[in-house]
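Read through the structure below, which is laid out as structure tokens, and then see the notes.
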Amino acid sequence: MRRRWPVSLLLTLGGVPLGGCDRTVTSVGAWSPALQPEPGAAGAANGGAGGAASGGLYLEAESGELSGDFSVGSDAAASNGQYLLAPDVATAEDQESPAQARYAFSVPVDGDYLIWGRIYSPDISSNRFHVQVDGGVRYLWRITVGDLWYWDDIHDDLKYNEPLHFQLAAGAHELVIGNVAAGARLDRLYITATGDEPPGNDTKCRPPHSIDLGGVCHESCGAQATPERGTTCSCAAAPESERFEAYDCGGGSCCFVPAMP
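Sequential numbering of the sequence shown, starting at 27, is according to my numbering.
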């Protein structure tokens with residue numbers, strides 16, 4: 027039986043497994059359990075479908091100025107029963123998408139702002155958008171959460187738990203969401219200068235290191251590494267005893283990186 031290492035031991039070693047999965051097939055980079063908030067820390071009350079956090083601004087994702095085959099989908103679990111649905115055609119991660127949603131918003135004071143998005147991304151094929159503020163850097167926001175709606179801070183690609191900070195002056199601004207992954211869904215956006223997290227995340231899983239599928243937490247490949255051995259989704263030569271399931275291995279197995287001779 028494969029030995030599972032306690033979080034306390036991982037923390038003493040910096041929380042970063044050796045090796046890890048190929049970033050082209052995994053949603054996980056360096057796993058840092060020390061940075062993971064407690065499940066449901068923001069509170070389950072008002073579950074993101076109308077709940078208000080302190081002092082921030084909510085935007086309905088489907089209310090933006092839509093172009094390029096972005097459409098509006100329906101889901102009773104979404105705020106106001108609707109969400110922004112990306113087209114069926116993906117866009118290269120390094121290219122600007124013709125499918126965009128534009129949002130005009132204003133902030134009352136100069137400040138250091140965070141942006142959160144309530145996303146539905148059950149697998150690695152539908153887990154990313156482009157995000158741009160005031161014509162600045164176009165960031166790739168990537169997160170796999172499972173078959174539920176989940177609030178995540180806008181961050182750069184695989185830099186989970188490192189939210190982007192936007193220095194905004196009081197007054198009018200523009201936020202642009204661009205399509206990257208086919209079929210990705212976005213319900214709401216939350217803009218805050220107080221560092222608070224919008225309420226509504228009550229899953230016991232810890233996206234993207236484990237995701238909620240049917241109420242069961244499924245681990246990523248990278249989250250199953252040990253301090254001594256990293257993991258990979260390239261397992262053709264691995265013995266069955268060193269293969270295990272991981273949601274981000276494209277239907278294949280996760281396994282330990284071969285030990286160095």
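Cβ coordinates follow ideal geometry from the N, Cα and C atoms, glycine included.
Asked, Found
"Straight-line Cα distance separating LEU194 from ASP136", "6 Å"
"In chain order, each beta strand (DSSP E) run of at least 3 residues that lies wholly inside the segment 104 to 187", "108 to 111, 126 to 133, 137 to 147, 154 to 159, 165 to 168 and 172 to 179"
"8 Å Cβ shell around HIS199 - same chain, five flanking residues per side excluded", "ALA130, PHE131, SER132, VAL133, VAL159 and ASP160"
"Contacts around PRO63, its chain only, beta-carbon distance under 6 Å, and the 5 residues preceding and following it disregarded", "Residue placement at PRO63 is poorly supported in this model, since its pLDDT is 37, which falls under 50; the coordinates are not used for a value here."
"Of the listed residues VAL283, ALA196 and LYS230, nearest to ALA264 (C-alpha basis)", "VAL283"
"Per-residue DSSP class, three states only, for GLY87", "What sits at residue 87 in the sequence shown is Ala, not Gly. Three-state DSSP puts ALA87 in a helix."
"Neighbourhood of ASN106 by C-beta distance below 7 Å, restricted to the same chain and skipping five residues each side", "GLU86"
"Any 3 or more C-beta pairs closer than 8 Å across the segment 197 to 214 and the segment 105 to 125", "yes"
"Buried/exposed call for HIS181, threshold 16 Cβ in 10 Å", "buried"
"Between the CA atoms of GLU268 and ASP12 - distance to the nearest angstrom", "An answer regarding residue 12 cannot be provided, because it is not within the stretch 27 to 287 covered by the chain."
"With 16 other Cβ atoms within 10 Å as the buried cut-off, status of THR220", "exposed"
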